[in-house]
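Chains as they are written, first to last, in the working numbering: chain A, 9 to 498; chain B, 9 to 498; chain C, 9 to 498; chain D, 9 to 498.
So the structure is just underneath, and the comments pick up after that.
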């Protein structure tokens with residue numbers, strides 16, 4: 009059922025998109041303001057909508073859900089005063105699996121459920137790969153779904169659990185779901201965090217005075233001035249109260265962790281820490297590795313802004329070729345302008361980017377980008393660079409070819425739309441019309457993120473399904489819908 | 009859980025308020041536009057919010073729910089284009105039982121449920137007197153409620169029914185609820201209407217070209233140019249399809265009907281037909297009856313606008329005293345103005361009404377009003393009339409003293425706030441400070457609505473609980489909360 | 009220059025429309041709130057836009073102008089807090105001469121001018137018949153106009169006046185304009201009111217505690233609880249200060265007054281006093297006169313709501329035929345609904361009005377309306393009445409045939425669109441398709457407003473140009489544009 | 009007179025702010041869309057409001073003015089359809105001289121004037137230093153001002169000019185104003201551009217198919233795909249028609265040009281060309297010059313984003329110290345968040361910036377910023393860097409100390425608020441609490457912008473009043489208000 013909400017769609021449609029960011033806090037006065045700040049810092053993980061739930065002993069649970077940016081929705085006294093309490097969780101999202109249509113407010117997390125033993129709210133980052141099957145079963149037994157979000161399954165599983173406490177019921181429910189999930193949940197007094205057994209999506213713990221914080225990334229701790237304690241472990245459930253602090257559970261059968269390697273390449277903010285190292289440094293290292301793997305003679309290393317910048321700096325350092333900002337990003341980008349006439353071509357990209365013509369003219373330019381998905385933007389950028397008088401254009405990509413869709417919480421086009429799923433590297437070079445095109449190798453990427461021996465094919469440390477086609481969790485729902493996993497031959 | 013929505017509160021707080029109006033149509037192109045028009049004609053039955061659900065084979069079910077007037081929400085192409093289809097239902101509401109707090113969009117009907125055997129939407133006018141108990145039981149068995157509306161119980165009961173068709177399940181569900189309900193519901197192809205066994209709330213059937221309509225009142229048929237067929241019978245469920253027309257079921261044990269007598273007095277629009285007679289004529293008859301029961305020498309019969317007008321006309325005709333509009337209503341009334349200083353008293357009432365001073369001066373005035381609830385407005389009107397120089401003020405009320413709350417879908421104050429529950433007629437006269445005060449008798453009211461012998465105490469034809477304290481359905485939830493029914497002594 | 013503002017157009021397009029209401033106050037705390045209330049009471053004189061100017065010694069002059077209703081714009085603390093001070097004026101308008109296009113905020117009064125000797129704000133009700141010529145001259149001498157409103161001429165004339173005080177300059181300016189004007193203006197400390205020498209438009213003086221009020225009608229005094237002092241005299245300018253009270257000037261050559269007779273018929277609110285009598289009473293008297301002039305056998309006297317009601321009551325009283333509300337007005341009327349399909353005819357009128365079918369059926373009905381302009385609404389109403397089963401339909405109109413446009417502040421269609429300018433009474437009857445059609449005579453109207461001998465053709469007491477074609481002020485601008493005055497022959 | 013408009017204030021209050029950008033086009037279909045795009049590219053020159061005027065033969069002049077971003081106001085069909093025509097001009101502004109209060113729509117340019125010989129619209133970038141005196145004189149002669157913008161003076165001067173054509177009158181008017189102005193204006197068929205005799209503010213000419221463009225910077229040509237022709241000369245007035253192309257006038261007495269040197273440092277976009285060189289390259293050259301003038305041993309060159317980046321890249325290249333993005337900017341910055349509790353310090357800056365802690369820790373960091381105005385942001389950034397564990401912090405500023413206010417169209421704090429007006433370099437270093445602080449010298453800056461011999465004190469090529477206190481045009485109005493120019497001694 010489509011309940012439409014008007015929303016200016018995010019402008020970048022040629023990138024993979026992280027689908028969610030989560031944040032929770034307990035033990036601080038005015039929890040909602042902290043949640044709003046944390047979600048603002050996580051806005052890059054989801055720009056379509058955001059929601060906050062809080063609880064206070066007098067008023068009970070409170071909720072506000074809105075389409076659009078955190079800065080536009082959760083900054084007025086009018087809204088924030090409706091969210092009192094010392095415990096709260098929040099969520100920003102791009103869109104959830106099963107709902108690629110127009111944005112609907114019903115699908116905005118956190119979700120709230122009133123159970124016989126009390127209320128609980130829940131939000132998650134990731135994707136449940138068996139949600140469709142679970143939902144079908146639940147509906148057959150009389151559950152009424154209000155959204156098309158996979159997260160709502162968890163609420164209904166909790167409602168049917170015989171567990172005596174809400175935390176017991178949450179454990180019960182999470183043991184029935186499959187896929188990638190970094191959950192932040194709350195009851196009246198408990199803040200709960202949980203990562204799936206493989207730890208595909210990030211989740212970190214922080215301390216703020218007498219309070220505790222859960223967040224998708226450390227940058228959300230920084231914005232509120234909180235101290236970074238540690239990452240929640242893969243397969244760990246933490247139950248945090250203001251009084252008793254952190255209690256750690258391990259509800260799942262232990263498995264080797266498989267963190268998403270694309271968080272390093274693109275999703276996470278450069279100032280966040282993952283595994284003790286800043287994402288910025290990792291990206292710079294990727295750039296250096298790429299310079300070693302795929303050197304080329306040129307006059308200028310130019311990032312495709314903004315995400316390509318750290319890798320370009322690394323490439324420049326390693327190669328000794330000067331770094332320069334040949335492409336300037338318009339920082340006021342927003343809605344779609346009306347196209348005046350056919351006199352204007354490439355308008356979309358011009359609204360966001362402009363070439364620094366004087367810098368580019370007559371030069372051999374290395375363009376460093378983080379990834380190539382459909383390739384449409386890459387072609388337009390190449391044209392702009394050539395129009396500006398570049399002598400040569402060389403693309404260097406800070407990730408291996410993206411040839412497989414992600415089923416773990418990232419919005420990926422169908423395989424037919426993925427350039428690398430349908431062309432060889434040379435075909436892609438011709439398609440893009442550039443002098444050279446090179447992707448970092450998967451081994452190179454592993455080295456750059458700290459695996460000195462590269463990728464161990466027998467037991468890779470990361471989830472790299474989008475590059476390798478090796479899915480650490482079988483995407484059950486998608487297979488029901490006809491998706492074919494990679495066979496040995498591929 | 010409070011998810012607040014900003015909403016200008018309805019201005020009249022000293023009247024009983026009907027809580028809902030319903031409308032449904034099947035077999036016409038662009039069903040949503042008809043629903044919007046029908047709801048607009050029923051706006052007097054609920055000004056707080058409105059919702060429409062439609063279905064079309066290509067896009068499935070569509071829904072839009074908004075706070076505020078139909079004319080402000082369901083008139084733009086932008087909204088109406090999201091509601092395609094040849095079948096649709098809609099609802100306007102004031103507020104639903106169990107939710108007297110700030111308006112929340114989650115509580116706006118129609119409600120939609122996706123069942124294993126397909127989707128259905130439902131809206132109702134009335135109140136389920138056992139909803140609290142049902143909800144408690146359903147939650148214990150794992151249902152998740154998204155609203156505090158009693159209507160949602162019906163959806164969950166349907167979800168748990170073993171009925172093979174949606175209509176079977178609806179019958180199943182409605183057999184488990186108690187109270188007053190005039191339901192309009194829809195599946196992909198069927199429009200369903202149902203009145204509770206006592207037929208407390210109205211529901212009528214109409215024909216529009218090749219299509220069929222269900223509506224709370226006939227005025228909603230008039231606005232779309234439809235022909236009035238008949239009232240849905242108390243205890244009847246009609247299942248209407250474009251192809252097969254009307255199919256009639258009687259799911260409940262037969263009982264003698266008890267239509268709400270206050271629909272005649274105040275709730276329904278004067279141009280609607282009830283029982284073959286226009287509400288306007290009934291009200292005029294009430295005025296005539298009142299003139300016979302409680303005559304008084306005076307110079308002017310003046311209605312309290314707008315609802316007192318027909319009774320005042322009847323009173324004037326019968327008494328021979330001239331009718332005149334001594335109180336003028338401001339037709340642009342809306343939000344609350346900022347009160348400038350203490351210089352202004354009685355501002356609230358002045359914003360809505362002004363006295364026609366030249367007409368009133370020196371006269372003995374009979375004020376005819378439909379009812380007295382708290383008495384606050386009556387006092388202010390009396391003051392305005394005296395300030396304007398009236399020599400005498402006589403109140404004549406077109407209904408008996410309102411001494412008991414309604415539990416069948418009308419918003420009534422607590423008994424402590426009901427003037428007539430706490431004072432005798434003479435005490436009320438002194439409290440209001442008027443020269444005389446008379447209410448029509450219950451027998452007189454019955455005569456005016458067509459019962460020539462007045463009320464039969466052994467088996468009254470109407471629900472008159474608000475006057476008599478005799479509740480035709482025991483208000484189970486309210487009794488759980490401590491409400492005491494009238495004892496024999498009272 | 010068109011600077012468009014979105015605005016829901018007033019719904020009634022088959023009436024003459026008063027173009028403005030004015031209100032001013034001095035000597036009260038929080039003047040703006042009083043102005044807002046007063047304008048709200050005058051909303052019937054202009055629904056398109058409203059504006060308020062205030063002055064306080066600390067912040068200087070303040071202004072807010074908005075499209076739409078007073079109740080929607082001047083009720084929030086947010087807006088009202090920007091309008092501090094103990095003196096203020098305001099204006100509601102429909103539209104001003106010279107600007108029949110889309111509503112523009114630049115044309116919303118009051119207008120403000122900063123002169124070498126201080127600032128002043130001005131608003132007026134009426135129309136300057138030489139504004140086009142004045143504007144042309146002023147532009148040639150270097151004035152820059154910001155609006156297409158005739159009022160702005162007064163500001164520019166003041167700017168060029170050599171008068172030593174602002175009041176002197178205003179006198180200077182007003183002596184140069186022609187036409188109908190009831191001006192309310194203010195300087196830092198003075199509230200000024202002025203009526204044109206003929207006193208065509210109304211303006212009254214009131215007292216509120218220590219403060220003074222100027223308003224278009226007495227109903228705007230009532231809403232703030234002010235006492236009615238007297239009407240401003242035709243040709244009088246009153247200068248009011250909190251300290252010194254009222255000072256009276258007579259800047260113009262004295263002439264016999266010619267108050268607009270249509271204010272009695274339609275424009276003014278029924279609860280306002282004009283010439284010591286309530287407009288309601290006058291309209292009832294018109295109805296009685298009409299019953300005497302044009303009797304007919306019938307079963308029901310039915311007003312066309314709402315403006316026809318008092319005349320219908322008078323007609324019923326005089327004729328002895330019962331009065332009944334055969335047409336019910338929807339009080340939630342607003343924007344335009346989307347027309348569903350061709351299945352619906354006469355939608356526009358159905359949104360506003362519904363026939364009380366049960367009351368009308370089989371009856372001979374007298375419909376009493378205030379005026380016939382284009383006749384489009386009258387035809388639709390007649391059809392609805394016949395559809396409802398009336399046996400006969402007789403129109404009785406409470407004003408003479410409207411055959412001439414008004415140039416004194418009323419929005420009239422071109423002569424070609426005025427039914428009575430193009431048809432005889434019998435032709436109109438045939439066109440409307442009714443059993444009989446009668447207008448009150450001009451003499452009868454004069455009698456009803458209190459001239460016992462009817463109209464004195466040599467020196468009529470009222471401006472009745474819309475009926476008689478006799479214009480008391482030559483419409484200079486319109487004649488420049490080709491309008492031909494009535495010749496002796498007509 | 010304050011007519012308030014709600015507006016989220018720009019977030020950066022510790023920078024000098026360019027006050028305006030202008031754009032005009034003639035000879036293209038759908039001119040308004042080009043203007044909107046051009047203004048979007050110039051949004052960095054003014055974020056508070058924007059306006060567009062167009063002309064088409066059928067509808068005349070059209071105007072739309074809005075508070076807020078171009079992308080939010082001039083992208084809907086609804087608005088753009090009200091702006092038809094093949095000629096148009098537009099303006100973005102921060103705020104205009106004389107109006108530092110709340111934003112008011114009346115002050116938003118372009119301004120339109122209707123003259124006896126036709127209409128014209130005008131917008132300008134800059135500031136008229138004798139506007140106050142001119143306005144006083146004009147009011148005394150009867151002009152009515154509608155805004156507090158200096159631009160309106162030009163309209164009134166045109167209205168009083170005896171010139172036979174609009175262009176003659178514009179020349180007349182511009183000869184009477186003093187200060188800095190880059191004007192874009194239009195009549196029904198002519199697009200006019202004009203720079204003041206010193207050419208303080210930029211203005212460029214472009215060609216787009218059969219059309220012509222005027223814009224503040226070349227980046228606005230790039231966004232619409234136009235070709236850059238040349239800069240409008242200081243003191244030149246170009247009159248452009250679709251048919252006849254460019255006609256060049258020189259209305260002023262010739263003077264040596266004095267372009268604003270701060271346009272190079274901060275105001276202009278890095279991808280714009282000034283004097284044939286990209287602003288990016290100039291800024292990189294400033295960074296190199298600064299590295300030569302003020303070297304220091306360190307581990308990392310880190311820009312203060314975003315404006316410090318090119319200079320930091322230049323500094324890194326010249327010094328050989330690695331460049332790294334130690335400070336990350338949140339790209340979703342917007343409104344002000346509610347501060348939760350006193351637990352959070354430095355919130356404002358944290359909302360915009362976060363330190364890349366892992367990169368900074370233990371390092372000696374060189375922070376390169378474009379300027380220091382109040383120094384408040386610099387202090388906060390220093391604290392964040394030290395909190396992150398930097399060993400040393402060295403500030404290098406890409407402009408000389410800003411010690412004097414600008415009167416030529418830039419919003420500068422009073423001298424008391426300018427850090428450099430009140431402290432020596434060493435005092436500033438102590439105040440900021442950093443290990444070293446160095447500004448580029450004025451000579452160094454001149455070298456970097458291409459003057460190989462540095463600044464010629466006898467006849468400097470640029471306006472550098474903000475650094476030197478030498479004002480090329482005496483700020484007459486400000487001197488009337490008590491501003492004291494630098495004396496020889498200073």
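Positions of the beta carbon are idealized from the N, C-alpha and C atoms, including for glycine.
Taking the CA atoms as reference points, residue 47 of chain A sits about 11 angstroms from residue 340 of chain D. With at least 16 other beta carbons inside 10 angstroms of its own, residue 59 of chain D counts as buried. In the DSSP assignment, residue 48 of chain A falls within the unbroken alpha helix (DSSP H) covering 39-49. When B:68, B:180, B:273 are compared, the shortest CA-CA separation from residue 122 of chain B is found for B:68.
Looking at the backbone, the Cα of residue 375 of chain B and that of residue 446 of chain C are separated by about 34 angstroms. For the stretch 226-300 of chain D, the continuous alpha helix (DSSP H) assignments of 4+ residues that do not extend past its boundaries occur at 227-231, in sequence order. 44, 45, 48, 49, 51, 52, 55: these are the residues of the stretch 43-75 of chain D whose beta carbon lies less than 8 angstroms from some beta carbon of chain A, given in chain order. Using a Cβ-Cβ cut-off of 8 angstroms, residue 359 of chain C is close to 45, 48, 231 of chain B, given in chain order.
With respect to chain D, the C-beta atom of residue 32 of chain C has no partner C-beta closer than 7 angstroms. For residue 133 of chain A, the pairing in a beta bridge is given by DSSP as A:190. Taking 9 angstroms as the upper bound on Cβ-Cβ separation, chain A lies near residues 168, 169 of the stretch 168-180 of chain B. Between the stretch 38-57 of chain B and the stretch 145-162 of chain B, the count of Cβ pairs shorter than 8 angstroms is below three; the stretches do not touch. For residue 296 of chain B, same chain residues with a beta-carbon under 8 angstroms away, outside a window of 5 residues either side, are 322, 323, 325, 326, 456 in chain order. Distances from the CA of residue 334 of chain C to each of C:358, C:154, C:366 were compared; the closest alpha carbon is that of C:366.
With 16 or more other Cβ atoms from the protein chains shown falling within 10 Å of its own Cβ, residue 139 of chain A counts as buried.
Closest by C-alpha distance to residue 305 of chain B, out of B:248, B:400, B:423, B:151, is B:400. Taking the Cα of residue 412 of chain D as reference, the smallest distance to any Cα among D:293, D:443, D:270, D:397 is reached at D:270.
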